[in-house]
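Undergrad: Quick mapping for you: the protein sequence lines, in order, are chains D and L.
Heads up: the first sequence begins at 1 in the working numbering, then just goes up one per residue.
Heads up: the second sequence begins at 1001 in the working numbering, then just goes up one per residue.
Quick one: this structure, given as structure tokens, is what I'll be asking you about.
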Amino acid sequence: MLCMAVSASAAFAQSLENTAHARQIDQLALEQLKQIGQNRRPGIDDYAFCRRVYLDAIGRIPTIDELDSFIADQQPEKRARLVDKLLNSKGYSSHWHNYWADLLRVKYVGDKLHHPGNYSEWIKESLRGNKPYDQMAHELINASGELYKPGNGATGFYAREPMPLDHLANSVKTFLGLSIECAQCHDHPFDDWTQKDFYKLAAFSSKTHLRVDPTPTVEKKTYARDRKILKNKDFDEWIVYRESIRVKHAAIYGNGTGFMRLPHDYQYDDGEPFEAMEADVLFGDMPKVNHKLTKAELDALKNHHFGPEINARQSLADWMTSPDNPMFTKSIVNRMWHQVMGAELAGPLGALTQEEMGDHPALTQKLIEIMKALDYDLKAFLSVLFNSRTYQSKALALNADAPKYILDGPIVRRLSAEAIVDSFLSLKTETPDRYVATEFKWDGFTNFYEKSQKMGVKDFVSYSINGPGRGAFQKREEKAAKRRNGATGPEHLWRVSSYGHVDGNHEVAMLMGKSDRDLIDGANKEPDIPQILFLMNGDLEHEITTQPKAFIHRKLDSVSDPAKRMEIIWKAILSRLPKESEKPLFSNDQDDLIWALLNSNEFKFVR
Amino acid sequence: MSLPFLNAASAAAQAPKARSVINIFLSGGLSQYDSFNMEVDKAVIAKSRIIKSNADGVRVSHYFPTLAQQMDKLLVINSMKSNQGAHPAGIYKMMTSYNPRSSITHPELGAWINKRMTTERDSLPNFVSIGKGSAGTAGFFPGQWAALPVKNTSAGIDFVKRNAAVDEGKFKKRLGILDSLNGDFDQDYGTKDTKAYVDTYKGSLKFMNSKDIDAFDLEKENEHIVSLYDRQEFSRSCMLAGRLVERGVRFVKVELGGWDYHDDLYGRLPSNASKLDKGLSSLLTHLSQKGLLDSTLVVVSTEFGRKPGVNPNKGRDHHPDGFTCLMAGAGVKAGQIYGSTTKDGQSAADNVLDVTDFNATIAWSLGIDPAYEEMSASGRPFKLANKGEAREALFA
């Protein structure tokens, strides 16, 4: 009882703090508007707020029941309460799992046998526990050890890239919002970064690498003999032997020596090819690195020597994720603002600069302070944004005649691919969040990893000869892992986030522009012909438009008054009442109206 | 902003050899020593038997008896070389001319050609990909330049027809309501993005109603042409490619996978080889009879070849140094062999042709400068064929 009272009052204090932060944002926006003589945008009604916050917090439109119950709510602070409810719902994990899995590029990469299940589990666990963002980033940058060990999924981030320098460029883009990849091969053409800067930064994590096979010593001592026998006996058995051993041994090795060598073709005057570079940061304070060699000592050694491992990678993680690193917080604040408001706060997501603070530097600064004050609690930060009057303003269509200041509220933009597809669910069923990613485990390799801890060489050989065979090996482990979930419901009622990695992507979501997770920020929101053909002539016809069992039709069945029926169609699909000017449309057939509303721009865009 | 054909460094100031390209892509890695490279030591050929073809000095394996009678139309390139030895990377390299990187995705050759050659007048897309497998990605180009996928020839393009229960009148009514809703929404919330949707709906309707849409419908093909092909899906795909080229489509990719025989090569190769043997032969006849072979470059490519030695599992492993591709039509030196491997089959020897040069040659045949450049979103310049150079010697 006491405990509940304490946590309730803590939650109350937190929400007071969030409200205070929200007011600070509004105040800054107001001051800016006043200064340039621009009118404040009108606020939005409860219908528009409900649709918008469902989309931004949990990634789908509200069901008609959810909308009705919010509209009917007569108690005070109903918007703040809805925000709270959504941020603590299953839909939140589903929506933000999509976000993080895209940014961190969780993907099955076949040829090196990376299985993303454990990596994905790590993201799910982070979301379930609302792990602070700085801690997430630190764990990802500094991860090492076995890929499929339970709880060690953060290693998936390093394993995602075959090449260490590419990985560094992607880490810097992901967490600092900087685009330094040009400097990998030559001095950056329009930014300050030189190739030498890049190599000095790379020195922190030098010699970190993914190794899928056992180390040479273990291989020689344990596996080599049978590997040879199997290879000469049966190809499929040999493959299963190789791959099952990899599940046990695949790991990130190395934690950084603090030294890197310039490339063999280094072309500038400030260094020689193969010259040793001591670790250094791009800007800000240099974290402590305990070098065991001097640069001169290393230069005296042969070209392939990088010095002993000294855990310099941890220093890189410390530097990157520190509140004192000006890019770290600016980048995440810029990302969250873009996600929720649609505009760039401080600049393009992956191409910020150190000096640039965006169109309203004071606002950017304030948001950075708020993020730090909230200790990188992303749910709390989102709550601040959602509770601001700024967020609850009429959406702006960004056109040539747009006003000067656009950070005073959201802009009109297309829904994400997943949000479009998940919004179909709100029309199919009254419980669209029943099957979400964070409740399922797709961790077949972790499953096998645990088994493999007790497996010696004889067991691997026997598994290869008597096991499920080459093609079935991965599938069997996947299936076993899925069975551990218990009942997972029918796939057509899953949120997009629940689709497995090895099974392939959600085809309709891909058609709508879902990221294929090859690149950071790889999603797109453009129309193309196959996408439109699907929307006009595809499966929606029998899944929603004319499907008597779909939730929208069951709602319609219970009402006979024609005007009320029209209200149901408009509220279910567009989350609002029909306008007076739309009443002439009522004479159309019900399925034609549902089709047209589903195909309308209003359905596909956040307003 | 670059204007077509106005690049200063226009090495391609030549009349195009080809109007269209059909690229038959054999994913998995065709064994050159069991198909078209018979110019090596007998031991390398292993269990394949060498047979004569209708072109002097060109020999093929006995798995290709029908094509053997069409080799006078084909140029055999035995000196292909790639720097990638794993499937995804090898396919990526062959399709895009670039090594895969994790900071960018490059457009496939078909997307470059689509973007470069499409005009207002074209009612069909200029990049079509037939078959399962790699989709035909636009890389850093806007999505509109990606391939239009046709997963199988009997289904045609997904959702291009109205739902069965929706007749034309009903469909028109629906579109009428949609127009009215969108017009209303546009008043308050219209942007270039909402307009792009309205335009793409228009484009999709134009496509649905286009006279040319029946290009995708093999039921509409002339009986005489249909009789040239058997009923296998790959043959049907070749027929569709021929039909599309006849309607002016610039680049058609047809994928035939399954060539990755690490084991039991001689048990598993024959059925796949037979598909290629028949489908490609029929396509060459089809194009010849229609008078299209002179203006169509037909390419048979694969991501890499197989090793000269047969492994203990009676298969061949990956081998990117010295593999074989074919070309036909558009004035290539048909009935000849270009380049060679060493006699032991270990590596490309004479007239080595890197995959980037191969792609450059295809672009050049269409009259496009292989060094044609586009900027990625972050302002990095990329050339169509990377550092590849067109090999004009492949053409008569």
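A virtual CB, placed ideally from N, CA and C, is assigned to each residue, including glycine.
Note that the structure is predicted; figures quoted are calculated from it, not measured.
Using a threshold of 7 Å, is the CB atom of residue 469 of chain D nearer than that to any non-hydrogen atom of the ligand PLP?
TA: With respect to small molecules bound, the structure shown includes none, and the ligand PLP cannot be examined in it.
Undergrad: What residues are listed by DSSP as bridge partners for residue 32 of chain D?
TA: Within the first sequence, the letter at position 32 stands for residue 32 of chain D. Paired residues: none, contrary to the question.
Undergrad: In this structure, how does DSSP classify residue 1306 of chain L when only helix, strand and coil are distinguished?
TA: Looking up residue 1306 of chain L in the second sequence gives position 306. Strand at residue 1306 of chain L.
Undergrad: Using a C-beta to C-beta distance shorter than 8 Å, which residues of chain L count as neighbours of residue 534 of chain D?
TA: Here residue 534 of chain D refers to the residue found at position 534 when the first sequence is read from its first residue. Here the neighbours are 1158, 1159.
Undergrad: Does residue 371 of chain D come out as helix, strand or coil in the three-state DSSP assignment?
TA: Position 371 of the first sequence, counted from the first residue, corresponds to residue 371 of chain D. In this structure, residue 371 of chain D counts as helix in the three-state DSSP scheme.
Undergrad: Counting only Cβ-Cβ distances shorter than 7 Å, please list the residues of the region 486-520 of chain D near chain L, keeping chain order.
TA: The residues in question are 518, 519.
Undergrad: For residue 391 of chain D, which residues in the same chain have their Cβ closer than 6 Å to its Cβ, ignoring the five residues on either side in sequence?
TA: In the first sequence, residue 391 of chain D corresponds to position 391, counting from 1. Here the set comprises 385.
Undergrad: By the 10 Å Cβ neighbour count, where 16 or more other Cβ atoms means buried, how is residue 5 of chain D classified, buried or exposed?
TA: Locating residue 5 of chain D in the first sequence gives position 5, where the first residue counts as 1. Confidence at residue 5 of chain D is low in this model, with a pLDDT of 49, below 50, so its placement is unreliable and the value that follows should be read with caution. Under this definition residue 5 of chain D is an exposed residue.
Undergrad: Determine the burial state of residue 1061 of chain L: buried for a count of at least 16 other Cβ atoms within 10 Å of its Cβ, exposed for fewer.
TA: Residue mapping note: residue 1061 of chain L aligns to position 61 of the second sequence, counting from 1. Label assigned to residue 1061 of chain L: buried.
Undergrad: If you compare alpha carbons, which of D/524, D/436, D/451 is closest to residue 491 of chain D?
TA: Along the first sequence, read from residue 1 onward, the residue named residue 491 of chain D stands at position 491. Among D/524, D/436, D/451, the Cα nearest to that of residue 491 of chain D belongs to D/436.
Undergrad: Under 8 Å, do residue 422 of chain D and residue 60 of chain D count as touching if we go by C-beta distance?
TA: Residue mapping note: residue 422 of chain D aligns to position 422 of the first sequence, counting from 1. Residue mapping note: residue 60 of chain D aligns to position 60 of the first sequence, counting from 1. Yes; because the gap between Cβ atoms is below 8 Å, this pair is in contact.
Undergrad: Using the C-alpha atoms, what's the distance from residue 560 of chain D back to residue 548 of chain D?
TA: Residue numbering aside, residue 548 of chain D sits at position 548 when the first sequence is read from its first letter. Residue numbering aside, residue 560 of chain D sits at position 560 when the first sequence is read from its first letter. Rounded to whole angstroms, residue 548 of chain D to residue 560 of chain D spans 15 Å at the Cα level.
Undergrad: Taking a cut of 7 Å between CB atoms, which residues from the region 1249-1271 of chain L lie near chain D?
TA: Listed by position, the residues of the region 1249-1271 of chain L near chain D (Cβ gap below 7 Å) are 1262, 1263.
Undergrad: What would DSSP say about residue 482 of chain D, mapped onto helix, strand or coil?
TA: Start at 1 with the first residue of the first sequence, and residue 482 of chain D comes out as number 482. Looking at residue 482 of chain D - three-state DSSP - the assignment turns out to be helix.
Undergrad: Between residue 593 of chain D and chain L, is any beta-carbon pair separated by less than 8 Å?
TA: Numbered from its first residue, the first sequence carries residue 593 of chain D at position 593. Yes, residue 593 of chain D lies at the interface with chain L (some Cβ there is under 8 Å from its Cβ).
Undergrad: Quick one: which residues of the region 1131-1143 of chain L get their C-beta closer than 8 Å to a C-beta of chain D? List them in chain order.
TA: Residues passing the 8 Å Cβ filter: 1142, 1143.
Undergrad: If you check the beta carbons only, do residue 1026 of chain L and residue 1336 of chain L fall under 8 Å apart?
TA: For this step, residue 1026 of chain L is matched to residue 26 along the second sequence. For this step, residue 1336 of chain L is matched to residue 336 along the second sequence. No, the Cβ-Cβ distance between residue 1026 of chain L and residue 1336 of chain L is not below 8 Å.
Undergrad: Suppose the cutoff is 6 Å on Cβ atoms and the five residues either side in sequence are ignored; what does the same chain contact list for residue 248 of chain D look like?
TA: Taking the first residue of the first sequence as 1, we reach residue 248 of chain D at position 248. So the list reads 452, once near-sequence residues are dropped.
Undergrad: Can you tell me whether residue 1358 of chain L is helix, strand or coil according to DSSP?
TA: The residue labelled residue 1358 of chain L in the question sits at position 358 within the second sequence. Looking at residue 1358 of chain L - three-state DSSP - the assignment turns out to be helix.
Undergrad: Residues in its own chain within less than 6 Å of residue 1372 of chain L by CB, not counting five upstream and five downstream?
TA: If you number the second sequence from 1, residue 1372 of chain L lands on position 372. Correct list, in chain order: 1384.
Undergrad: Could you tell me the distance, in whole angstroms, from the CA atom of residue 1165 of chain L to the CA atom of residue 1171 of chain L?
TA: In the second sequence, the residue the question calls residue 1165 of chain L occupies position 165. In the second sequence, the residue the question calls residue 1171 of chain L occupies position 171. Going by the C-alpha atoms only, they are around 10 Å apart.
Undergrad: Against residue 398 of chain D, what residues of chain L qualify as contacts under a CB-to-CB distance less than 7 Å, listed in chain order?
TA: Taking the first residue of the first sequence as 1, we reach residue 398 of chain D at position 398. Those within 7 Å of residue 398 of chain D in chain L are 1191.
Undergrad: What would DSSP say about residue 487 of chain D, mapped onto helix, strand or coil?
TA: Numbered from its first residue, the first sequence carries residue 487 of chain D at position 487. Residue 487 of chain D: coil per DSSP, three-state reduction.
Undergrad: Specify the secondary structure class of residue 200 of chain D as computed by DSSP and reduced to three states.
TA: As a first step, residue 200 of chain D must be located in the first sequence, where it is residue number 200. Of the three classes helix, strand and coil, the one that applies to residue 200 of chain D here is helix, per DSSP.
Undergrad: Closer than 8 Å, CB to CB, is residue 530 of chain D near chain L or not?
TA: Along the first sequence, one-based indexing puts residue 530 of chain D at 530. Judged by the 8 Å Cβ criterion, residue 530 of chain D is in contact with chain L.
Undergrad: Please report whether the beta-carbon of residue 1371 of chain L lies at a distance below 8 Å from any beta-carbon of chain D.
TA: Position 371 of the second sequence, counted from the first residue, corresponds to residue 1371 of chain L. So, not an interface residue.
Undergrad: Any idea if residue 185 of chain D is buried or exposed, counting beta-carbon neighbours within 10 angstroms, 16 or more meaning buried?
TA: For the purposes of this step, residue 185 of chain D is taken as the residue at position 185 of the first sequence. Exposed, by the Cβ-count rule.
Undergrad: Out of curiosity, what's the CA-to-CA distance linking residue 1181 of chain L and residue 594 of chain D?
TA: The residue given as residue 1181 of chain L occupies position 181 in the second sequence. The residue given as residue 594 of chain D occupies position 594 in the first sequence. Distance between the alpha carbons of residue 1181 of chain L and residue 594 of chain D is about 12 Å.
Undergrad: If we ignore side chains and look at the alpha-carbon of each, how far apart do residue 219 of chain D and residue 473 of chain D end up?
TA: The residue labelled residue 219 of chain D in the question sits at position 219 within the first sequence. The residue labelled residue 473 of chain D in the question sits at position 473 within the first sequence. Straight-line Cα distance between these residues: approximately 22 Å.
Undergrad: List the whole-angstrom C-beta distance separating residue 1262 of chain L from residue 1085 of chain L, where the pair is believed to meet the contact cut-off of C-beta under 8 Å.
TA: For the purposes of this step, residue 1262 of chain L is identified with residue 262 of the second sequence, where counting begins at 1. For the purposes of this step, residue 1085 of chain L is identified with residue 85 of the second sequence, where counting begins at 1. Not a contact, Cβ separation roughly 13 Å.
Undergrad: Kindly indicate which three-state DSSP category residue 1055 of chain L falls into: helix, strand or coil?
TA: Walking along the second sequence from the start, residue 1055 of chain L turns up at place 55. It is coil, neither helix nor strand.
Undergrad: So which residues on chain D does residue 1386 of chain L lean against when the C-beta distance must stay under 7 Å?
TA: The residue labelled residue 1386 of chain L in the question sits at position 386 within the second sequence. The contacting residues do not exist; residue 1386 of chain L stays about 14 Å from chain D at best.
Undergrad: Listed in chain order, which residues of the region 336-366 of chain D have Cβ atoms closer than 7 Å to some Cβ of chain L?
TA: Going along the region 336-366 of chain D in chain order, one finds 351 with a Cβ nearer than 7 Å to chain L.
Undergrad: Taking Cβ-Cβ distances shorter than 9 Å, what residues in chain L pair up with residue 605 of chain D?
TA: Here the question's residue 605 of chain D lines up with position 605 in the first sequence. Residues of chain L passing the Cβ test: 1185, 1189, 1191, 1193, 1194, 1197.
Undergrad: Just to confirm my understanding: we take residue 91 of chain D, look at its own chain, exclude 5 residues before and 5 after, and list those with CB closer than 6 Å. What are they?
TA: Within the first sequence, numbered from 1, the residue matching residue 91 of chain D stands at position 91. Correct list, in chain order: 58, 433.
Undergrad: Is there a Cβ from chain D that is less than 8 Å from the Cβ of residue 1103 of chain L?
TA: Mapped onto the second sequence, residue 1103 of chain L falls at position 103. Closer than 8 Å to some Cβ of chain D, the Cβ of residue 1103 of chain L qualifies, so yes.
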